[in-house]
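To start, the structure itself, in structure tokens.
Structure (structure tokens):
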């Protein structure tokens with residue numbers, strides 16, 4: 490790859506990550522490098538965009554596996570274009586909206602009954618008499634309900 494001329498140190502410095510982070514991303518299949526004649530890793534400059542997408546996704550709670558799946562949806566595993574980013578970010582926004590709604594429910598129910606079926610809190614018999622919520626599933630079923 491003649492245009493894969495960025496060293497691992499140069500990429501790490503430019504992206505503000507450790508070299509070990511780049512190795513980890515590569516191991517997870519998020520980025521790729523080539524070896525030069527001296528068996529040193531070399532990257533195409535486009536790797537900067539991939540790493541930026543990874544870092545942005547991580548900051549908002551997108552897992553590396555979710556990032557990997559998004560990257561795999563790109564033809565030929567290419568670096569995301571502006572149009573690709575619009576699609577990825579739209580999909581992630583929906584996922585984040587669902588997480589935000591879940592966290593808001595968690596916040597709102599944190600001091601009260603979450604429908605776990607324990608019947609040990611004084612409010613539980615009001616929300617869950619005779620553990621009727623047990624028929625709806627296991628764990629905190631009120632918290633898991635979508636609104």
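Numbering (our numbering), first residue to last: 490 to 636.
Each residue gets a CB set at the ideal place from its N, CA and C atoms; glycine is no exception.
Note that the C-beta distance between residue 536 and residue 495 is below 8 Å. Taking the Cα of residue 567 as reference, the smallest distance to any Cα among 519, 626 and 596 is reached at 519. Between the stretch 574–589 and the stretch 515–530 there are fewer than three C-beta pairs closer than 8 Å, too few to call the two in contact. Put simply, of 582, 522 and 620 the residue whose alpha carbon is nearest the alpha carbon of residue 512 is 522.
In the three-state reduction of the DSSP assignment, residue 566 falls in the helix class. Counting every other CB atom within 10 Å of its CB across the protein chains shown gives residue 564 a total below 16, marking it as exposed.
Residue 629 and residue 552 have their C-alpha atoms spaced approximately 24 Å apart. Secondary structure of residue 509 (DSSP, three-state): helix. Distance from the CA atom of residue 562 to the CA atom of residue 587, rounded to whole angstroms, is 22 Å. Nearest neighbour of residue 499 by Cα position, chosen from 532, 517, 514 and 578, turns out to be 532.
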